[in-house]
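Visitor: Residue 48 in this note's numbering sits at position 46 of the sequence shown, and the numbers go up by one each step. Every residue, glycine too, gets a C-beta built ideally from N, C-alpha and C. These figures come from a predicted structure and were not determined experimentally. Take a look at the following structure, please.
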Amino acid sequence: MKIDPDSTADFSAQIAKAIRDAIVSGDLLVDQRLPSEAELADQFDVSRPTVREALKRLAAQSLIRTQRGATGGAFVNRLRFEEAYDQQVTTSTLLLSMNSVSFDVACEARYALERACAPLAAQRRTPDQLATMRAEIHRQSQPGLTDEAFCASDVTLHRALVDGAGNKVLSYQLAGAVEAMQPLMNMITFTARSREVIVALHTDLADALEARDAARTDETLLKLESYTTLTPKAEISRE
Numbered sequence: 003m004k005i006d007p008d009s010t011a012d013f014s015a016q017i018a019k020a021i022r023d024a025i026v027s028g029d030l031l032v033d034q035r036l037p038s039e040a041e042l043a044d045q046f047d048v049s050r051p052t053v054r055e056a057l058k059r060l061a062a063q064s065l066i067r068t069q070r071g072a073t074g075g076a077f078v079n080r081l082r083f084e085e086a087y088d089q090q091v092t093t094s095t096l097l098l099s100m101n102s103v104s105f106d107v108a109c110e111a112r113y114a115l116e117r118a119c120a121p122l123a124a125q126r127r128t129p130d131q132l133a134t135m136r137a138e139i140h141r142q143s144q145p146g147l148t149d150e151a152f153c154a155s156d157v158t159l160h161r162a163l164v165d166g167a168g169n170k171v172l173s174y175q176l177a178g179a180v181e182a183m184q185p186l187m188n189m190i191t192f193t194a195r196s197r198e199v200i201v202a203l204h205t206d207l208a209d210a211l212e213a214r215d216a217a218r219t220d221e222t223l224l225k226l227e228s229y230t231t232l233t234p235k236a237e238i239s240r241e
C-alpha cells in the first residue's frame, strides 16, 4: 500500500483509499487487525494525525471498527447491507438536491427500479410485509393526515414492496430511490394529487401482491407512475 506524493488528493484520503482497496481485493480480511497508527505512519511516511484522519474516514464508511484495550486496535469490519443503507440514502439525497435532476427523470428512474422488484416480490413477499402495506393503506385513508405523514407512510409502503423481493442487493440499490428520491418526489406530487386515487392504487398493489400476481403488480406500478407524472388535476382510470 502506497500513496502518491504528487497527487492533488490529501494524504489521509489516499491512505484511506489504499486500505479500502486492500479490503475490497481481499488483501485485508474481515476481522483482521490493521497495523498500528505508528506502523501505518512509518509505512506511508506520514504523521500519526494523518493516519488517524484516514482511519476516521474508513470508520465513517463502516469499513473498520476500533477496539480499546491491550488487544485493541483497528479491525476490518464485516459490512452489512443494512448498515450501508444510510450512506446510499445520503448520497442519493445530495445528488438529487445539488444537481439538476428533473422531476420526470427522477420519477422514471424510481419506477423503473421498483418495477424490477415486482415479479420477485409477487413470489416472495411475506405475510408481515403484506401486513405492513395494509397498515399503511389504512393510515393513508385517515382524515386529517398531514402531507408529511402521508409521504412517510408512502415510503414505508414502498419499502415493504422492495424488501418483499427478498434480494439484499436490490434492497440496497433501491434504498436511494425509496428513502431519498421518493420523499422529494412525494412532497411535489401528493399536494397536487387525489389521495383517494393514490390509496386506491396502493390497495390494488397490495391485492396484486397478495394474489402473487406479478403482471398485475407491474401494471399497478405503471398506473402509479402515470398518475404521478400527470398534470395536477388529472385522474387515472383503475380499469
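To the nearest angstrom, how far is the alpha carbon of LEU207 from that of ALA86?
Guide: Between LEU207 and ALA86, the C-alpha separation is close to 28 Å.
Visitor: How would you label PHE83, buried or exposed, when you count the other beta carbons within 10 angstroms and need 16 or more for buried?
Guide: Label assigned to PHE83: exposed.
Visitor: If the criterion is Cβ atoms closer than 7 Å, does the pair LEU211 and ARG127 meet it?
Guide: Yes.
Visitor: Can you tell which of LEU31, ILE5, ASP12 has the C-alpha that lies nearest to the C-alpha of ALA20?
Guide: Residue ILE5 is the option with its Cα nearest to ALA20.
Visitor: Within 10 angstroms of its Cβ, does ASP165 collect 16 or more other Cβ (buried), or is it exposed?
Guide: So ASP165 counts as buried.
Visitor: From LEU132 to ASP149, what does the alpha carbon distance come to, in whole angstroms?
Guide: Those two C-alpha atoms are separated by around 23 Å.
Visitor: Who does ALA76 pair with in a DSSP beta bridge?
Guide: DSSP lists THR68 as partners of ALA76.
Visitor: Could you give the distance in angstroms between the alpha-carbon of ASP29 and the alpha-carbon of ASP88?
Guide: C-alpha separation (whole angstroms): 27 Å.
Visitor: Taking the CB atoms as reference points, tell me whether LEU176 and LEU122 lie closer together than 7 Å.
Guide: No; because the gap between Cβ atoms is not below 7 Å, this pair is not in contact.
Visitor: Return the residue from the list SER228, ARG197, VAL78, THR231 that minimises the CA-CA distance to SER38.
Guide: SER38 has its Cα closest to that of VAL78, out of SER228, ARG197, VAL78, THR231.
Visitor: Tell me, please, which residues DSSP counts as bridged to ARG35.
Guide: Beta-bridge pairing links ARG35 to PHE77.
Visitor: Do you know how far the Cα of ALA15 is from the Cα of LEU65?
Guide: When rounded, the distance between both Cα atoms is 14 Å.
Visitor: Within its chain, find whatever has a CB closer than 8 Å to the CB of ARG136; leave out the 5 residues flanking it on each side and keep chain order.
Guide: The answer, listed in chain order, is ALA208.
Visitor: Sorted by chain position, which residues of the same chain lie with C-beta nearer than 7 Å to LEU81's C-beta, five sequence neighbours on each side aside?
Guide: Around LEU81: SER64, LEU65.
Visitor: On the three-state DSSP scale, how would you describe PRO51?
Guide: In the structure shown, PRO51 sits in a helix (DSSP, three-state: H, G or I).
Visitor: By Cβ distance, which residues of its chain are closer than 6 Å to PHE46, with the 5 residues on each side in sequence left out?
Guide: For PHE46, where only same-chain residues beyond five positions count, the Cβ hits under 6 Å are ILE5, ILE17.
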